[in-house]
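Q: Residue numbers (the UniProt record's numbering): 1 to 237. Each residue gets a CB set at the ideal place from its N, CA and C atoms; glycine is no exception. All values reported here derive from a predicted model rather than from experimental measurement. Before I ask anything, here is the structure I am working with.
So this is what it looks like as structure tokens:
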């Protein structure tokens, strides 16, 4: 069964279209990776799914129901969590306050405490940082807070934009360990990643997006077989 279906979607910024008839699927409980050159539509895709941008054509279905055109808060209420590039945290607030904002829709205090326990189990360092203001944190620490806040909401799908961008290798390993734990909980993950080989080591399925369209799709093994040629063709590395 599909958690998310993006069918023939076009989207962009005003008159500038960025996505052209794009199709992707995220099965329930799977990790799906989106790779491709910078500036070619990967982040725009996540913004369109989460309702921050409006699709001008096609449909977006979450758990079988269309969410195209719904406001972001309604899409989030239905169970789609978006961790954007840069995290969009509140820099003057503490780590704990930022995490709790992720649970603003939750009325059950016990459920909120349970999610905090889950986040802290994934990122134990956040306990030490709980009373620090976010502006004082390192890039890796802010990334942990951003992903943690995304997990504070009751979600069936979490979309994470560039989790390794600008981070030290040790911190990247910690972030990816957390993503493995998220997958183990049967939460679906849609992952935009600048490092295709890192994505291939995590994702069950991968899509290569270039110039606003899907140029290649396949499972992990197919990507590993064709990966070097794909990377050289589309990413030039």
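If you follow the beta strand (DSSP E) that residue 63 is in, where does it begin and where does it stop?
A: Premise fails: residue 63 is in no beta strand (DSSP E) and is neither H nor E.
Q: By DSSP, does residue 2 sit in helix, in strand, or in coil?
A: strand
Q: Using DSSP with H/G/I as helix, E/B as strand and the rest coil, what is residue 302?
A: For the chain, the structure presents residues 1 to 237; residue 302 sits outside this window and is missing.
Q: Within the same chain, show all residues whose beta-carbon is closer than 7 angstroms to that of residue 173, passing over the 5 residues directly before and after it, in chain order.
A: Cβ neighbours of residue 173 within its own chain (closer than 7 angstroms, five residues either side excluded): none.
Q: Just checking my contact of residue 29 with residue 188 at CB under 8 angstroms: how many whole Å lie between their CB atoms?
A: 6 angstroms
Q: Return the residue from the list 192, 159, 95 that minimises the CA-CA distance to residue 130.
A: 95
Q: For residue 178, does the three-state DSSP call read helix, strand or coil?
A: Helix, per DSSP.
Q: Hey, which unbroken runs of the alpha helix (DSSP H) at 4 residues or more fall wholly within the segment 48 to 131?
A: 72 to 78, 95 to 101, 109 to 122, 125 to 129
Q: For a cutoff of 8 angstroms on Cβ pairs, would you count residue 118 as touching chain D?
A: No chain D is part of this structure, which consists of one protein chain only.
Q: If you draw a straight line from the alpha carbon of residue 63 to that of residue 6, how long is it in whole angstroms?
A: Their Cα atoms are separated by approximately 12 angstroms.
Q: Counting beta carbon pairs with one atom in the segment 219 to 229 and one in the segment 67 to 75, are three or more of them shorter than 8 angstroms?
A: no
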